[in-house]
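> Numbering of the sequence shown is given in the working numbering, commencing with residue 35 and proceeding in unit increments.
Glycine is no exception: its CB is placed at the ideal position from the N, C-alpha and C atoms.
Owing to the predicted nature of the structure, the values given are computational and were not obtained by experimental measurement.
Here you go, one structure.
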Amino acid sequence: METGLALHAARRAADRTGVRRLRIALTTLSVALTFSVSSMLLATLGYHYETSGGLPFEKFHPGILLLLAAFALLVIEDGPERTLGLLLRDHRLSLIYVGCLAFYMLYVPLVLGRPVTFIIDTLMAPAFAAILLARTDARNLHRLGWLIHGFMAVNAVIGSLESLLRWRLVPFYIGDVLVEYDWRSTALLGHPLENAGVTAIYALLLLTGLRGALPARWTLPAFLLQLAALPAFGGRTAAVALTLAAGLWLAAQGGLILAGRRFALSSLLWIALLCPVAAITVWFVSDSTYVMLFVDRFLDDSGSAETRVRMLSLFREFSWGELFIGPAPETLAALQVREGLELGLESFVVAFLLTSGIFVSSILFLGLGLFLIRIGLLVPWQGKAALGLCLALNATSTGFASKSTSLELVVTMLLVMTWTRPQAGPPRQG
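Here's what the structure looks like:
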């Protein structure tokens with residue numbers, strides 16, 4: 035009898051170990067796919083992610099589908115009751131966030147008749163990623179960290195080459211439309227603005243020291259590689275925000291040194307060597323096409339600022355009742371065409387308020403705020419600064435209001451870099 039029970043327990047333990055290994059493998063593959071397979075590559079391969087047509091599962095990124103499968107394995111591994119108990123104990127804010135998203139996904143189709151599948155990839159996936167990463171062991175987190183560093187380096191190199199050689203790794207698609215007039219690079223991450231945002235956030239993490247297990251001697255080259263690639267993606271807001279954040283950080287470091295904080299003489303030597311090199315490099319590339327195309331975006335924004343003014347004027351077209359419940363989709367679409375805004379509303383806050391209404395958007399914003407607070411509690415000050423940069427960049431673009439994996443990329447990056455630091459302990463539940 036006792037032998038039979040022992041064998042049964044051993045089989046259950048072996049089964050759980052197998053499920054756990056498969057879960058971690060799917061989580062790793064999910065991260066690899068989201069960092070390397072863009073919506074444009076999917077369109078080129080005939081996968082109808084943002085293009086019309088296709089099967090229902092094609093409306094979700096393959097990396098997100100693997101992430102959901104990994105979460106299902108977590109439920110199988112722990113059992114439904116234990117999983118629910120652990121989620122209520124360790125992931126309360128994430129659960130509230132998912133609940134807010136679920137309410138949004140019920141309200142909008144039923145009341146307004148709008149599709150909401152983008153919520154899964156854009157906003158819900160980051161919560162599942164945080165839960166799964168918290169259950170990933172240190173060895174596999176380090177593997178994920180090296181994957182992220184590798185993909186970001188390759189993305190920067192490809193982006194720079196695309197801009198310099200007037201060549202694209204994959205065609206630039208926006209929905210079903212092939213874009214041929216835009217010079218900005220797409221590289222691995224896809225849309226230039228998503229590329230610019232994720233690149234700026236990663237560069238800020240490198241600059242401020244949240245680099246995971248990346249050796250210190252590699253940090254400066256990695257940062258300079260991302261900085262050099264930023265003009266290729268043409269993200270003005272990302273470039274300005276990174277410059278301001280970097281300036282504040284460098285000023286703070288200088289102030290601490292003047293106040294008496296000790297510093298390595300090797301750092302001073304590096305600064306002395308790099309300053310003239312940087313000056314020569316800036317002088318050499320200042321007249322290059324690579325830089326001038328980027329500078330021209332500041333001098334001529336192609337009506338981008340005017341578009342934002344017209345976007346705000348749309349609020350005047352609706353009554354308070356319509357704005358609270360949600361404007362009729364047909365009316366809003368007609369107004370967007372009239373104002374030349376059919377490609378999107380360049381602020382996720384404005385986009386949600388106009389497409390979904392104040393009521394349900396407020397619930398979504400509450401959940402998103404709680405989730406970002408929770409992630410902020412899990413990461414050091416560098417991660418909090420990166421979250422602030424992410425929020426600022428999305429406030430000036432469609433961002434969270436359109437189909438994208440950028441928030442999942444950022445959350446994954448922050449948690450992995452935090453939990454793989456040399457001084458970091460085991461992952462905290464989040």
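1) Per DSSP, what are the beta-bridge partners of leucine 212 in this structure?
2) If you draw a straight line from the alpha carbon of alanine 279 to that of leucine 238, how long is it in whole angstroms?
3) Name the two residues that bound the continuous alpha helix (DSSP H) containing lysine 418.
4) May I have the straight-line CA-CA distance separating threonine 78 from valine 204, to the nearest angstrom?
5) Can you find the residues in the same chain that come closer than 7 Å, C-beta to C-beta, to isoleucine 130, ignoring five residues on each side of it along the sequence?
6) Thinking just about the alpha-carbon of each residue, which of Ala221, Val132, Phe105 and Thr156 is nearest to the one in valine 71?
7) If we ignore side chains and look at the alpha-carbon of each, how far apart do leucine 127 and proline 143 end up?
8) DSSP three-state call for aspartate 155: helix, strand or coil?
9) Going along the chain, which residues of its own chain have a beta-carbon closer than 6 Å to the beta-carbon of leucine 441, five neighbours each way excluded?
10) Please determine if the region 257-267 and the region 208-220 are in contact, where contact requires at least 3 C-beta pairs separated by less than 8 Å.
11) Grouping DSSP H, G and I as helix and E and B as strand, with all else coil, what is alanine 136?
12) Taking the straight line between their C-alpha atoms, what separation do you get for valine 211 and serine 86?
13) Helix, strand or coil for tryptophan 217, going by three-state DSSP, please let me know.
14) Judging by CA-CA distance, which residue of Ser431, Val150, Glu111 and Asp171 is the nearest neighbour of threonine 454?
15) Where does tryptophan 283 sit, in a helix, a strand or coil, going by DSSP?
16) Ignore the nearest five residues each way along the sequence and tell me which others in tryptophan 317's own chain have a CB closer than 6 Å to its CB.
17) Regarding glutamine 260 and the ligand MN, is the C-beta to nearest heavy atom distance less than 7 Å?
18) Taking the alpha helix (DSSP H) that phenylalanine 386 belongs to, which residues open and close that run?
19) Using a beta-carbon distance below 8 Å, is tyrosine 215 in contact with chain B?
20) Count the C-beta pairs between the region 353-369 and the region 406-421 that are closer than 8 Å, then say yes if the count reaches three, no if not.
21) Around the Cβ of glutamate 84, are there at least 16 other Cβ atoms within 10 angstroms (buried) or fewer (exposed)?
22) CB serine 194 to CB alanine 262, shorter than 8 Å?
23) How far does the alpha helix (DSSP H) with threonine 233 in it reach, from first residue to last?
24) Under 6 Å Cβ to Cβ from arginine 200, same chain only, skipping five residues before and after it: list those, please.
25) So, for arginine 202: in the same chain, excluding its five sequence neighbours on each side, which residues have a beta-carbon less than 7 Å away from its beta-carbon?
26) How is leucine 276 classed by DSSP in three states: helix, strand or coil?
27) Within its chain, find whatever has a CB closer than 7 Å to the CB of tryptophan 283; leave out the 5 residues flanking it on each side and keep chain order.
28) Classify tyrosine 215: buried if its beta carbon has 16 or more other beta carbons within 10 angstroms, exposed otherwise.
29) For alanine 286 and leucine 258, what's the separation of their Cα atoms in angstroms?
A quick look at the data gives this:
1) Tyr207
2) 8 Å
3) 415-429
4) 7 Å
5) Gly401 and Leu404
6) Ala221
7) 25 Å
8) helix
9) Pro160
10) yes
11) helix
12) 11 Å
13) coil
14) Asp171
15) helix
16) Confidence at tryptophan 317 is low in this model, with a pLDDT of 46, below 50, so the placement of that residue is unreliable and no value is reported for it.
17) As far as ligands go, the structure on display features none, and thus does not contain the ligand MN.
18) 382-390
19) Looking at the structure shown, chain B is missing, and only one protein chain is on hand.
20) no
21) buried
22) yes
23) 226-242
24) none
25) Glu196 and Thr220
26) helix
27) Leu241 and Thr242
28) exposed
29) 20 Å
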